[in-house]
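As you go down the protein sequences, you meet chains G and Y in turn. Take this note's numbering: the last position of the first sequence gets the number 390, and nothing is skipped along the way. Take this note's numbering: the last position of the second sequence gets the number 390, and nothing is skipped along the way. For each residue, glycine too, the CB sits at the ideal point set by N, CA and C. Since we're looking at a predicted model, the values are computed, not measured. One structure below.
Number of protein chains: 2
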Amino acid sequence: MARIALDAMGGDFAPRATVAGALLALSELADEHVIELVGRSDVIQAMLDELTSGEHAASAAAARGRIHIVDAPDVVEMSEKPTNALRNKPNSSMLVGLRRHAEGVVQAFVSAGNTGAQMAASTVMLRLAPGLTRPAIGTLFPTAGQPVLVLDVGANVDCSAEELVQFARIGVVYAEDMLGRPSPVVGLLSIGEEAGKGNAAVKEANQLLAAMPGLNFQGNVEGRDLANGASDRGPFDVVVCDGFVGNVVLKFYEAMAPLVISMVGASTGMDRAALDAAFRHLDYSEHGGAPLLGVRGVSIISHGKSSPRAIMNALKVAARAVESRLAEHVTRRLGAEPEAVA
Amino acid sequence: MARIALDAMGGDFAPRATVAGALLALSELADEHVIELVGRSDVIQAMLDELTSGEHAASAAAARGRIHIVDAPDVVEMSEKPTNALRNKPNSSMLVGLRRHAEGVVQAFVSAGNTGAQMAASTVMLRLAPGLTRPAIGTLFPTAGQPVLVLDVGANVDCSAEELVQFARIGVVYAEDMLGRPSPVVGLLSIGEEAGKGNAAVKEANQLLAAMPGLNFQGNVEGRDLANGASDRGPFDVVVCDGFVGNVVLKFYEAMAPLVISMVGASTGMDRAALDAAFRHLDYSEHGGAPLLGVRGVSIISHGKSSPRAIMNALKVAARAVESRLAEHVTRRLGAEPEAVA
């Protein structure tokens, strides 16, 4: 059973997308799951009334017993400086939701709001697992094979070799717990498969990873391997990179799918809906949420442009993270290991 | 009129792909263009005989007057260290071809062989334009709009802000000369459109580029903008990035097109050939060659897996570079400008 706080005010399409996403999630999640909608209670209540009227009344009534509104008068703006949000908006939906997680009232927090503020507030309020210097954002890339966990995709732009090693360690735990992959294979994103290829941090990280006991390290993987979910040496489960390159590739990927769809549609006269269906598992919003990895808790970062469907999926990712005790596993494992990382 | 040296031994499918590509190119290039096939003359002659026999005899006879074989007994291996190739293989097809360019016998050199060796040998034998510290590899990305020149895509993995600025300067000249874009718009690849977003080198480069007189700098662009060929602020012609991220995105892109084709084909039962046709302009090999920018000459770097069609296109890129006097323009412009770059 999970009780999840959702930042009802976060995201470009809030509160409509967030409230609608919560209702969708409750219709798919098991009955014991409860969602707290955190934000301006009058706004949330009005949206809830609108979305549960008329034809949706019957299923909505069932869901409403599992939805609670938690008032938070302030809102962190999408472009606001994280430090400002932390210092001056203790009663924002972001901070109220995370505080309820830190206090143990809820077991997870989900937001499509200001990512930098969510990272900073999660680090301060939930704290980091032992041996970590920064949290990371992991996301699942659909590939020609099985989905691959890529981290970091935006939390850390200038990464040391040691940070890349941290990403590998938490990625392995995540892949086991959330993806059910036994003994996950890790690849290091680079520009050639040979250990000597890459920038300075990657070359050093390759050596550190190759020397790490117990790690199933495949070596360097290239951009084409990431699309395929495998290199010539076989499939992999986790790909490690700095947050700059990870974020660029992620956003490129997001934009490619609709582009490709429109190109095929335009040149062949194929039915657009059929193509959308064919490409649905390429759509980032289908996955909904990227967990902030390394914090002592579950903080799911959603895309600012999240649809109700993306919010629903983010809530499902949160529920799964709680059930699999992801945060405890990461914390325990990283605490038990000798700290290879300063 | 251009006389072009082709490294007949370079690439995974040489010499068949290179010789076949040269024959294809001659059938499309104007009559005054001549191609030198540089490599083991007996091997090249045998391949030429094979490819111009039977049904192709008539058109081949016309082409053969414009093909010359230049003997070079050594071959630089694909995995060989560039320094080794430079020092120990002066009679390789790579070095013989570039030497003929340096001596003015040919006006361009094309190779699908060892990229690192080609870069190093081009730098040493052709020399760099004023104010440059490294050459860059530029390549055209097909986008939802017009193709965009991306540089660097692999020549420089750890780039300073000053090197990123150099890429912008040579990218502008290239976009004007080779793409015919008046007053090209430049974007800096980053993880957010705001000037303060990015890694340390990108943040500093943003400031340097914004302060550069005469440069049509749009600011930061994101991965999704690269796929679209435009940001919210409009289309752009040149995208600047370090060679690590550029190479990762390029290779990811290359692998995406066939992946997407197979996905659509599998789920809709559409004709594979029709899909291939629809996606042809997404195919990197269509573009064939990436010019090594910043050297005082025309050195075209082709993909190791180049098909005859890709080689043909690389030769056409070389011919166009010679006709537009790309190298002279870059050298003159960079020499005439105040050297903002140390």
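Inter-residue Cα distance where the pair is G:S231 and Y:P261: Locating residue 231 of chain G in the first sequence gives position 183, where the first residue counts as 1. Locating residue 261 of chain Y in the second sequence gives position 213, where the first residue counts as 1. Each residue's alpha carbon lies about 55 Å from the other.
Cβ-Cβ distance between Y:G277 and Y:Q194 below 7 Å: The residue you call residue 277 of chain Y lines up with position 229 of the second sequence. The residue you call residue 194 of chain Y lines up with position 146 of the second sequence. Taking 7 Å as the Cβ cut-off, Y:G277 and Y:Q194 qualify as a contacting pair.
Cβ pair G:E228, G:L199 closer than 7 Å: Along the first sequence, one-based indexing puts residue 228 of chain G at 180. Along the first sequence, one-based indexing puts residue 199 of chain G at 151. At residue 228 of chain G the sequence reads Gly, which differs from the Glu that was named. Not in contact: G:G228 and G:L199 (Cβ atoms no closer than 7 Å).
Proximity test, G:V201 beta-carbon vs the ligand FAD heavy atom, cut-off 6 Å: This structure does not include the ligand FAD; it has no bound ligands of any sort.
Min CB distance Y:N268 to chain G below 7 Å: Residue mapping note: residue 268 of chain Y aligns to position 220 of the second sequence, counting from 1. No, Y:N268 does not count as interfacial toward chain G.
Pairwise C-alpha distance: G:A65 and G:V144: Numbered from 1 along the first sequence, position 96 holds the residue referred to as residue 144 of chain G. Numbered from 1 along the first sequence, position 17 holds the residue referred to as residue 65 of chain G. Those two C-alpha atoms are separated by around 20 Å.
Touch test, the region 198-213 of chain Y against the region 249-265 of chain Y, Cβ-Cβ under 8 Å, three pairs minimum: yes
Any chain G beta carbon closer than 7 Å to Y:F215: For the purposes of this step, residue 215 of chain Y is taken as the residue at position 167 of the second sequence. Chain G places no beta carbon closer than 7 Å to that of Y:F215, leaving this residue out of the contacts.
Sub-7 Å separation of Y:V124 and Y:G161 beta-carbons: Working through the second sequence from its first residue, we reach residue 124 of chain Y at position 76. Working through the second sequence from its first residue, we reach residue 161 of chain Y at position 113. Result yes, Cβ atoms of Y:V124 and Y:G161 sit closer than 7 Å.
Spatial distance of Y:L72 from Y:S355 (CA atoms): Translated into the one-based positions of the second sequence, residue 72 of chain Y becomes position 24. Translated into the one-based positions of the second sequence, residue 355 of chain Y becomes position 307. The C-alpha of Y:S355 is placed about 11 Å away from the C-alpha of Y:L72.
Where G:N439 falls, given that 16 or more other Cβ within 10 Å makes a residue buried: Given a span of 49 to 390 for chain G in the structure shown, any question on residue 439 of chain G remains unanswerable.
Amino acids of chain Y, ordered along the chain, whose beta-carbon sits closer than 7 Å to that of G:R182: Working through the first sequence from its first residue, we reach residue 182 of chain G at position 134. By Cβ distance, chain Y contributes nothing, its closest Cβ being about 14 Å from G:R182, past 7 Å.
With 16 other Cβ atoms within 10 Å as the buried cut-off, status of G:M360: By 1-based counting over the first sequence, the position of residue 360 of chain G is 312. With 16 or more other Cβ atoms within 10 Å, it is buried.
C-beta neighbour in chain G for Y:I185, strict 7 Å: Position 137 of the second sequence holds residue 185 of chain Y. No, Y:I185 does not count as interfacial toward chain G.
For Y:V346, the first and last residue of its enclosing beta strand (DSSP E): Looking up residue 346 of chain Y in the second sequence gives position 298. It is not in any beta strand (DSSP E) - Y:V346 carries neither H nor E in the DSSP assignment.
Within-7 Å CB hit, Y:V296 to chain G: Residue 296 of chain Y sits at position 248 when you count from the first residue of the second sequence. Answer yes: the Cβ-Cβ gap between Y:V296 and chain G drops below 7 Å somewhere.
Counted within 10 angstroms of its Cβ, other Cβ atoms place G:A367 as buried (16 or more) or exposed: Here residue 367 of chain G refers to the residue found at position 319 when the first sequence is read from its first residue. With 16 or more other CB atoms across the displayed protein chains lying within 10 angstroms of its CB, G:A367 is buried.
7 Å Cβ cut-off: residues of chain G touching Y:M304: Position 256 of the second sequence, counted from the first residue, corresponds to residue 304 of chain Y. The answer, in chain order, is A275, M304.
Neighbouring residues, chain Y, relative to G:A248 (Cβ below 7 Å): Here residue 248 of chain G refers to the residue found at position 200 when the first sequence is read from its first residue. Correct list: D206.
Same chain only: Cβ atoms within 8 Å of G:A169, ignoring 5 sequence neighbours per side: Residue 169 of chain G sits at position 121 when you count from the first residue of the first sequence. Around G:A169: P130, A133, L134, M142, L143, L146.
Minimum Cβ-Cβ distance from G:A192 to chain Y less than 7 Å: Working through the first sequence from its first residue, we reach residue 192 of chain G at position 144. Cβ-Cβ to chain Y under 7 Å: yes for G:A192.
Touch test, the region 280-297 of chain Y against the region 266-277 of chain G, Cβ-Cβ under 8 Å, three pairs minimum: yes
Min CB distance Y:L307 to chain G below 7 Å: Here residue 307 of chain Y is taken as the residue at index 259 of the second sequence, counted from 1. By this cut-off, Y:L307 is an interface position.
For Y:S238 and Y:N204, believed in contact at Cβ under 8 Å, the rounded distance: For the purposes of this step, residue 204 of chain Y is identified with residue 156 of the second sequence, where counting begins at 1. For the purposes of this step, residue 238 of chain Y is identified with residue 190 of the second sequence, where counting begins at 1. That pair is no contact at about 17 Å.
Proximal residues to G:I117 (C-beta, below 7 Å), its chain only, five neighbours per side dropped: In the first sequence, counting from the first residue as 1, residue 117 of chain G sits at position 69. So the qualifying residues of the chain are L85, S89, I92, Q93.
Residue-chain proximity (G:I239, chain Y), Cβ-Cβ < 7 Å: Residue 239 of chain G sits at position 191 when you count from the first residue of the first sequence. Yes, because at least one Cβ of chain Y sits closer than 7 Å to the Cβ of G:I239.
Min CB distance Y:R272 to chain G below 7 Å: Along the second sequence, one-based indexing puts residue 272 of chain Y at 224. Judged by the 7 Å Cβ criterion, Y:R272 is in contact with chain G.
CB contact check: G:G58 to chain Y, cutoff 7 Å: Numbered from 1 along the first sequence, position 10 holds the residue referred to as residue 58 of chain G. Not closer than 7 Å to any Cβ of chain Y, the Cβ of G:G58 fails to qualify, so no.
Residues near Y:N139 in its chain [Cβ-Cβ closer than 8 Å; skip 5 each side]: Your numbering for residue 139 of chain Y matches position 91 in the second sequence. These residues qualify, in order along the chain: A120, P121, D122.
For Y:T181, the three-state DSSP class (helix, strand or coil): As a position in the second sequence, residue 181 of chain Y is number 133, starting the count at 1. Y:T181: coil per DSSP, three-state reduction.
Where the beta strand (DSSP E) through Y:Q266 begins and ends: In the second sequence, counting from the first residue as 1, residue 266 of chain Y sits at position 218. Start and end: 264-269.
DSSP-derived helix/strand/coil call for Y:V196: As a working mapping, residue 196 of chain Y is identified with position 148 in the second sequence. It is a strand residue.
Per-residue contacts from G:F265 into chain Y (C-beta, under 8 Å): If you number the first sequence from 1, residue 265 of chain G lands on position 217. Per Cβ cutoff of 8 Å: no residues; G:F265 is ~19 Å from chain Y at best.
N-terminal and C-terminal residue of the beta strand (DSSP E) that Y:V220 is part of: The sequence position of residue 220 of chain Y within the second sequence is 172, counting from 1. Run containing Y:V220: none in the beta strand (DSSP E); it sits in the alpha helix (DSSP H), 209-227.
G:V365 and G:A156 closer than 7 Å at C-beta: Here the question's residue 365 of chain G lines up with position 317 in the first sequence. Here the question's residue 156 of chain G lines up with position 108 in the first sequence. No.
Rounded separation between G:S159 and G:A56 - CA only: Taking the first residue of the first sequence as position 1, residue 159 of chain G is located at position 111. Taking the first residue of the first sequence as position 1, residue 56 of chain G is located at position 8. Near 8 Å, if we compare the C-alpha coordinates of G:A56 and G:S159.
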